[in-house]
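Reading through the structure tokens given below for one structure.
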């Protein structure tokens, strides 16, 4: 392999392994935080313009999201498992092995993307009618929106590979900038395509879906160009050489994550079914509430991703103590950030909820009250949710994913679904929101205990 071009990777590696730890976490995490804020702005804009089209229509994307995540579960598992291998090989300066992992990852992920995209398109009517039981007021919109989002699902299996490559190397800025540009394209297109401004027809949720697909594919194409140009020495291409160690690593590292993602997505579908039983008011409150929560937890997404990268490279370089310090520092930063973010968002929750409601809609007051009930439980427990996410990132960076997976399963299936159902029998929809908060508290405490014990601090790569 050509060695003259690996200087950039080495530069990133040295900064991650030897730079000031808090500065490294901020350096890696800040670009992801910023793009998350842009994505939140897109979600807010999307919800706002859909609410201008129809108040209840803003619930459509949130109805589709759990099913989308179910079919994207394998992409997320492959990304996490390959990030473990790539980052640890980079930390060990084994760039040839990193390149071989990348080629296998790209081939397998793209193939499954095509298969699962077709499957999602064919199965979605059954899912929305029989499993999540979408309210009839928005059922046709959900079918239309999900049909177009299928393209985004298929493309994500290919595009996520290039985000994972860059982030594993230590370049979080490039994918953040590109994703930010993609989100801005989406924000600009939304009002034109949803409301029919200018030459565009009034398309509602179909317009929102088309805008999303155009923006995501544009961003993905830019990422591919960056990786192929900047890291040409890796010789990234499709391959037929899938070796046994890679397959075993995908099973050992990725299978628990896949299991958790599938169970998470399925749990969200059943949770959505439980919410939908209380009608369009609860469904709309769920959509507004989750959009509001995104404002509070923007920092979490960036810093937990940075945590996985630093821990992966530290363990690859056999710097165990630095890996442990990274986990503790991340818990501190994320916990404090979400405490502040949750408190601020709680104080302005009324203004945010009102943004999506129309005065002439007879359901607006009911939706407002229901959303406030949800946010009271959700925002107060966000710091615990952040600790859970740190635990997930520690597992992905180290390759030891089983324990966080078990926590995630208990969090959703036993507490959110099981306890939520029981509570809802006695106190209605408030029982669902209460279980949501209790699940965050449990998962945060359990993850904190596991991370502090430190048994995860050993690499999984083959030397």
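Numbering (my numbering), first residue to last: 108 to 570.
Note that the Cβ used here is the ideal one computed from N, Cα and C, for glycine as well.
Shortest Cα-Cα distance from residue 387 to any of 133, 507, 478 and 287 involves 478. Taking the C-beta atoms as reference points, residue 361 is found nearer than 8 Å to residue 187. Residue 210 and residue 522 have their C-alpha atoms some 40 Å from each other. Here the alpha carbons of residue 346 and residue 278 stand approximately 25 Å from one another. Residues of the same chain with a CB within less than 6 Å of the CB of residue 434, apart from the 5 flanking positions on each side, are 501 and 558 in chain order. Exposed is the label assigned to residue 469, since fewer than 16 other Cβ atoms lie within 10 Å of its Cβ. In the structure shown, residue 120 adopts helical secondary structure according to DSSP, grouped into three states. Rounded to whole angstroms, the separation of the alpha carbons of residue 532 and residue 283 is 44 Å. Residue 179 sits away from residue 241, with the two beta carbons spaced by 8 Å or more. By the C-beta density criterion, residue 332 is exposed, having fewer than 16 other C-beta atoms within 10 angstroms.
In this structure, DSSP gives residue 431 a helical state, which the three-state scheme calls helix.
The beta carbon of residue 487 sits closer than 7 Å to those of 449 and 544, all from its chain and outside the five residues before and after it, given in chain order. Annotation for residue 213: 268, 343 and 345 place their beta carbon closer than 7 Å to its own, counting only its chain and skipping 5 residues before and after. If the five residues before and after residue 184 are omitted, its C-beta is found closer than 7 Å to the C-beta atoms of 361, 364, 365 and 368, all from its own chain and listed in chain order.
For the pair residue 566 and residue 275, the Cα-to-Cα distance works out to about 15 Å.
When C-alpha distances from residue 181 are compared across 193, 218 and 204, the shortest belongs to 218. Just so you know, the alpha carbons of residue 337 and residue 239 end up roughly 44 Å apart. The Cβ atoms of residue 166 and residue 394 lie closer than 8 Å to each other. Between residue 292 and residue 321 a beta carbon distance of about 7 Å is seen, short of the 8 Å cut, so the two are scored as contacting.
Under the three-state reduction of DSSP output, residue 378 falls in the helix class. For residue 332, the enclosing alpha helix (DSSP H) starts and ends at 312-337. Nearest Cα to residue 519 within the set 378, 132 and 297: 378.
CA-CA distance, residue 140 to residue 401, rounds to 11 Å.
For residue 199, no alpha helix (DSSP H) segment is defined, and its DSSP state is neither H nor E. Taking each of 429, 281 and 389 in turn and checking the Cα distance to residue 125, the smallest one comes out for 429.
Fewer than three Cβ pairs drawn from the stretch 309-317 and the stretch 225-240 lie within less than 8 Å of each other, which leaves the two stretches out of contact. The alpha-carbon separation between residue 356 and residue 116 amounts to approximately 23 Å. Here residue 297 is buried, its C-beta having at least 16 other C-beta atoms within 10 Å. The residues 313, 316, 317 and 320, in chain order, have a CB closer than 7 Å to that of residue 255 in the same chain once the five nearest residues on each side in sequence are set aside. Judged by DSSP secondary structure, residue 259 falls within the alpha helix (DSSP H) whose first and last residues are 246-276.
In the DSSP assignment, residue 466 falls outside any alpha helix (DSSP H), carrying neither H nor E.
If the five residues before and after residue 294 are omitted, its C-beta is found closer than 7 Å to the C-beta atoms of 148, 149 and 152, all from its own chain and listed in chain order. The closest CA to that of residue 454, considering only 399, 258, 236 and 465, is found on 399. Judged by pairs of C-beta atoms under 8 Å, the stretch 246-266 does not touch the stretch 121-138, as fewer than three such pairs exist. Excluding the 5 residues flanking it on each side, residue 163 has same chain C-beta neighbours closer than 7 Å at 244, 245, 387 and 391, in chain order.
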